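In our numbering, the protein residues as written are 10 to 237.
Read through the structure below, which is laid out as structure tokens, and then see the notes.
Written out as structure tokens, the structure reads:
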């Protein structure tokens, strides 16, 4: 079968796959959440993983070797407790509003020690911070259409701190953080802004957690949450 087109921005699946495959073994059973056309499910299947897929629009799923379940991420997932070793959500979490429910269900379907992988736009990059300063919108976010409820808009902009807070409340460890690549704009901005970052972090006593290099420069965040 020919390669299935990815819905995510160009390069995302390739970089995420490199990150994911360096950490996980094909013996695992994995749930591909928000599987879209099935590009990442296809990749996982070819690598030897036991794959199940789910999406709000399963009729769009094109990878015929496995089925795609209908799922509304605001409701209970259609899977038994502790039925997966891994769960993956590529460019999904920014599309949902109830992250408490989302993490609760992920925790329920993962086995003890299971891992949940997310990729999401990095709203903490310097490029994103400057964009927010002048427009009121983070990188990869724009004004919402209030009449649309198709699950395709970016409706949730969470910081790493907020992701960790929700995850820990649902029996996960804090995220291990990686990025897809460094933004050239953010690299240049850091040269000029690093003194201000130090000054205001000390003045407001916010610490350096959100000013670590990966967050200042990364385009997308790759987060891995391990279930206790």
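Idealized CB from N, CA, C, for every residue including glycine.
Note that the coordinates shown come from a computational prediction; the quantities given were computed from them, not determined experimentally.
> Is there contact between the stretch 101-114 and the stretch 193-200, where contact requires at least three CB pairs shorter than 8 Å?
Replying inline: Contact between the stretch 101-114 and the stretch 193-200 is absent, because fewer than three Cβ pairs lie under 8 Å.
>> Restricting to Cα atoms, I'd like to know which of 60, 230, 170 is closest to residue 216.
In response: The shortest C-alpha to C-alpha distance from residue 216 to any of 60, 230, 170 is the one to 170.
>> My assumption, with CB atoms under 8 Å, is that residue 48 sits in contact with residue 13. Please give the rounded CB distance.
In response: Residue 48 to residue 13, Cβ: 4 Å. Contact.
> How many angstroms separate the CA atom of residue 147 from the CA atom of residue 122?
Replying inline: A direct Cα-to-Cα measurement between residue 147 and residue 122 gives close to 33 Å.
>> Tell me which residue opens and which closes the alpha helix (DSSP H) that residue 5 is part of.
In response: One cannot answer for residue 5 here, as it falls past the ends of the chain, which runs 10 to 237.
> Which partner residues of residue 96 appear in the DSSP bridge assignment?
Replying inline: According to DSSP, which records beta bridges pairwise, residue 96 is partnered with 40, 125.
> By a C-beta neighbour count over all protein chains shown, 10 Å radius and 16 as the cutoff for buried, is residue 236 buried or exposed?
Replying inline: With 16 or more neighbouring CB atoms inside 10 Å of its own CB, residue 236 falls in the buried class.
> Excluding five sequence neighbours on each side, which residues of the same chain lie with their C-beta closer than 7 Å to the C-beta of residue 163?
Replying inline: Result list for residue 163: 103, 104, 149, 150, in chain order.
> What are the boundary residues of the beta strand (DSSP E) that residue 27 is part of?
Replying inline: Where residue 27 is concerned, there is no enclosing beta strand (DSSP E), although the alpha helix (DSSP H) it sits in stretches over 21-30.
>> For residue 84, tell me which candidate among 221, 190, 110, 229 has the shortest Cα-Cα distance.
In response: Shortest Cα-Cα distance from residue 84 to any of 221, 190, 110, 229 involves 110.
> From which residue to which residue does the beta strand (DSSP E) around residue 214 run?
Replying inline: Per DSSP, residue 214 lies in no beta strand (DSSP E) and is assigned neither H nor E.
> Anyone know if the C-beta pair for residue 98 and residue 127 falls short of 8 Å?
Replying inline: Cβ atoms of residue 98 and residue 127: closer than 8 Å.
> Between the C-alpha atoms of residue 60 and residue 225, what's the straight-line distance to the nearest angstrom?
Replying inline: Cα to Cα, residue 60 sits roughly 34 Å from residue 225.
>> Counting C-beta neighbours from all protein chains within 10 Å, is the total for residue 130 16 or more, i.e. buried, or is it exposed?
In response: By the neighbour-count criterion, in which a residue is buried when 16 or more other Cβ atoms sit within 10 angstroms of its Cβ, residue 130 is buried.
> Rounded to whole angstroms, how far is the Cβ of residue 54 from the Cβ of residue 75, which I believe are closer than 8 Å?
Replying inline: 6 Å between Cβ atoms; contact.
>> Determine whether the beta carbon atoms of residue 96 and residue 177 lie at a separation below 8 Å.
In response: No, the pair does not count as a contact, with Cβ atoms beyond the cut-off.
> Rounded to a whole number of angstroms, what is the C-alpha to C-alpha distance between residue 16 and residue 69?
Replying inline: Distance between the alpha carbons of residue 16 and residue 69: 11 Å.
>> So the candidates are 135, 159, 213, 168; which of them puts its Cα closest to the Cα of residue 203?
In response: Of the candidates 135, 159, 213, 168, 135 places its Cα closest to the Cα of residue 203.
> Whose C-beta lies closer than 6 Å to the C-beta of residue 107 among residues of the same chain, with five residues either side of it excluded?
Replying inline: Taken in chain order, the residues that qualify are 83.
>> What does the Cβ neighbour count give for residue 44, buried or exposed, with the cut at 16 atoms within 10 Å?
In response: So residue 44 ends up on the buried side.
>> Here's a check: name, in chain order, each residue in its chain whose Cβ is nearer than 7 Å to the Cβ of residue 36, leaving out the five neighbours to either side.
In response: Hits under 7 Å: none found.
>> Buried or exposed for residue 51, going by 16 or more other Cβ atoms inside 10 Å?
In response: Here residue 51 is buried, its C-beta having at least 16 other C-beta atoms within 10 Å.
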